[in-house]
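Below is one structure, written out as structure tokens; the observations come after it.
Protein chains in written order, with our numbering: chain A, 1 to 419; chain B, 1001 to 1419.
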């Protein structure tokens, strides 16, 4: 499908026509009159690369608002895990579709996920026309039998996964150091090296987690993971609220990346913020994630950018830290670099994962600085049009099949809570 | 104007018809068929009391995005104050209208303001059909001549202000302890007592402010204000990030209230968060404010609620702190109590400052808990209809005169930055 976007503003100011062909931006010029299958009016809109959600559990949309304002342990044990134990693949399919729908409405076209029922998530992502780096959750709770099952299941998924390309990339998803055995982590490290697979893992989210590895292995979570051969430039660790300077040195040396989920960290009250200054000083690549709908409860990367930028300023005591433009870039091409997605800008040759932001709301007056407006003022609801891999997935805020997705996801969630 | 809202959901669950007459909710029943001037379809919407913005500087919309990511002193001295010195009454009129427009779109019908050109702000508020507690900024910089001018000007405004009722309430607005002399503060205290006027003041926002009063008066800002007779149940102090337990005891004893602006505190990196636990332990009434558009940069009280609730959890280390429902109540009837606005609920006899929230977005599935969805998931852009004092000011997200307001405010902002 060829798409021509007429007279749209670019972030740097000028108004241009953009021609998209074969999934890439093919031309950007003052006037383009090539014939296109679809023409979009860019008036009063700005074209931006889409957002990349660096850490989430998509199908947890089904649990949104089911349990809030609770201590983490009670929240997990009495609420979340109870409902999750009843989940079916069909539930996950509709929950993931709902998450994709919400992310599309917020300008997200790629997300890095960890959840159960991998193939159902993968089907949902493909059906929605966006992209996911999906990991099957790997949890063995130190039980060799479970470990074997998980390994077999991941080997099988790795084979199956080819079927869902190019929308879906298979990743390994060891849940956390307190839920996966040393031996399994070593296997994951080796399998990731052998097949060049991304690894997505919770890392140093809570103090309990660091106490766990200190007690059991005499090491910090990062030190322990390095020892198991898990850290490399394919590794993305989520949270990292509790890392030390030595950890930062290891992460930098191994080329590992981090994803901060500021909203979730506040809501679950994990006791420490992402160490923005330390991570920057060591040049560790990082981007942003919403985390799942149960601990946020919104999949809006624009909101997440604002939280991240403001918490960075507050926690460093420096109002110039993580300025608007850098924040925007970390949420777009910074994420693209971490997840090996290639170029991620509005320029000729880039992948056409492009969104149009509607600037007609009063919050965009006077619009002195587009990056400031995007990060500090806008919300996902100002996204008007979303193009993923050169295909329109939302136009004028309408997404195909929206009503059915909401209805079926609602049924699934209600069934789950009454089952 | 009589308004009939048909088949709308109430927060507690049931679907009802609501009849509004003479600015109050006159009937809530399963079916009401009284003739009305306007009938609104409440399908897929929930009726809520409107939000109250406890602290802002409305016309600073004109400066939004003009200067961000800067240290406070440089930001004020090189950017904000330079532009503000060029402001005209006409600028403030359009800037305030733009702010009112944005607040209406976010479900706010009352705001507590402090800014220059009082009458121009008052005109704007009346023309927009919402409500403001407006204070003229009182700054004398310890200059007796300026103090005299400010006193005269406030006495005059107090007389003029009657003209703008009922939309506008006149308040005294001593800017801060470091910009208003002791003598002026004493005069403000006495004038407020004599005429029962609200007092709106920045209070203990930064460490510099507490150092200032310690150095000059040997007291904390709160202790100093008590000594000047300024603290009473008419006093609302904005920020209060740097208060002590003794300060909290004084605030509780005098009946003073506080307004926290969490987004601004992070963005300007003031070094300390609002002391949620302390303030709650002493039972000090508090509500939320956006602060001005230059330090936020959005006038969305729903976003501010989320920041407040999550920062409260994080800073107390308690994920059960400031739960969704309490957060919502502080942003609505909590504010109404602080600003003496009367009942502020969806019940017969209450003022008809009512908003309808559109629940059709994917973010409202599965909707297990309406308060959780309002605080943690929703944003102002889901507000569909706004009624202020029994009059519709927005329906289907359309506000009368929107295009002109945006155009004129843009002209004013551009003129200001190039003047």
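Glycine included, every Cβ here is placed at the ideal spot set by N, Cα and C.
Keep in mind it's a predicted model, so treat the numbers as computed, not measured.
- Interface flag for residue 410 (chain A) against chain B is set, since a Cβ pair is found closer than 7 Å.
- Close CB contacts of residue 19 (chain A) within its chain, under the 6 Å cut and outside five residues either way in sequence, are with 4, 26, 27, 32, 34 (chain order).
- The Cβ atoms of residue 1114 (chain B) and residue 1200 (chain B) sit closer than 7 Å to each other.
- Assignment of residue 1155 (chain B) by DSSP, reduced to helix, strand and coil, places it in the helix class.
- Contact check for residue 1055 (chain B) against residue 1390 (chain B) fails: the beta carbons are separated by 7 Å or more.
- At a cut-off of 7 Å, the C-beta of residue 1323 (chain B) has a neighbouring C-beta in chain A.
- Taking residue 1312 (chain B) as reference, the option from A:340, A:317, A:268 with the minimal CA-CA separation is A:268.
- Nearest Cα to residue 99 (chain A) within the set B:1364, B:1298, B:1403: B:1364.
- It is roughly 56 Å from the alpha-carbon of residue 59 (chain A) to the alpha-carbon of residue 1192 (chain B).
- Rounded to whole angstroms, residue 1240 (chain B) and residue 1318 (chain B) show a C-alpha spacing of 21 Å.
- Under the Cβ criterion (8 Å, minimum of three pairs), the stretch 102 to 122 of chain A counts as touching the stretch 147 to 165 of chain A.
- Beta-bridge partners of residue 1202 (chain B) (DSSP): B:1238.
- In this structure residue 1198 (chain B) is not in contact with residue 1188 (chain B), their Cβ atoms being roughly 11 Å apart against a cut-off of 8 Å.
- The beta-bridge partner set that DSSP reports for residue 287 (chain A) consists of A:259.
- When beta bridges are read from the DSSP output, residue 394 (chain A) appears opposite A:386.
- Cβ-Cβ distances below 8 Å link residue 1350 (chain B) to 1024, 1025, 1049, 1342, 1343, 1344 in the same chain, with the five nearest sequence neighbours on each side left out; the list follows chain order.
- Interface criterion not met: the Cβ of residue 164 (chain A) is under 7 Å from no Cβ in chain B.
- Inclusion of residue 237 (chain A) and residue 258 (chain A) in the CB contact set at 7 Å is warranted, their separation being smaller than that value.
- Under a 10 Å Cβ-count criterion, residue 384 (chain A) is classified as buried, with 16 or more other Cβ atoms of the shown protein chains found around its own Cβ.
- Pairing residue 122 (chain A) with residue 93 (chain A) gives a Cβ-Cβ distance that is not under 7 Å.
- Using a CB distance cut-off of 7 Å, residue 1102 (chain B) counts as an interface residue toward chain A.
- In this chain, the beta strand (DSSP E) harbouring residue 114 (chain A) covers 108 to 115.
- In this structure residue 1298 (chain B) is buried. Its beta-carbon is surrounded by 16 or more other beta-carbon atoms within 10 angstroms.
- Exposed is the label assigned to residue 37 (chain A), since fewer than 16 other Cβ atoms lie within 10 Å of its Cβ.
- Under the three-state reduction of DSSP output, residue 221 (chain A) falls in the helix class.
- Just measuring C-alpha positions, the residue of A:46, A:1, A:278 sitting nearest residue 15 (chain A) is A:46.
- Spanning the alpha carbons of residue 1274 (chain B) and residue 1203 (chain B) requires a straight line of approximately 11 Å.
- Cα atoms of residue 372 (chain A) and residue 252 (chain A): separation of roughly 29 Å, rounded to the nearest angstrom.
- For residue 1111 (chain B), not one C-beta of chain A is nearer than 7 Å to its own C-beta.
- Secondary structure remark: continuous alpha helix (DSSP H) runs of at least 4 residues inside the stretch 160 to 215 of chain A, in chain order: 182 to 195.
- Using a 10 angstroms sphere on the CB of residue 366 (chain A), the tally of other CB atoms reaches 16 or more, which defines it as buried.
- Residue pairing by DSSP puts residue 1047 (chain B) in a beta bridge opposite B:1356.
- Classified as exposed, residue 155 (chain A) has fewer than 16 neighbouring CB atoms from the shown chains inside 10 Å of its CB.
- For residue 1027 (chain B), the enclosing beta strand (DSSP E) begins and ends at 1024 to 1029.
- Secondary structure at residue 335 (chain A): helix, using DSSP grouped into helix, strand and coil.
- Restricting attention to B:1217, B:1250, B:1216, B:1221, the CA atom closest to the CA of residue 1205 (chain B) is found in B:1221.
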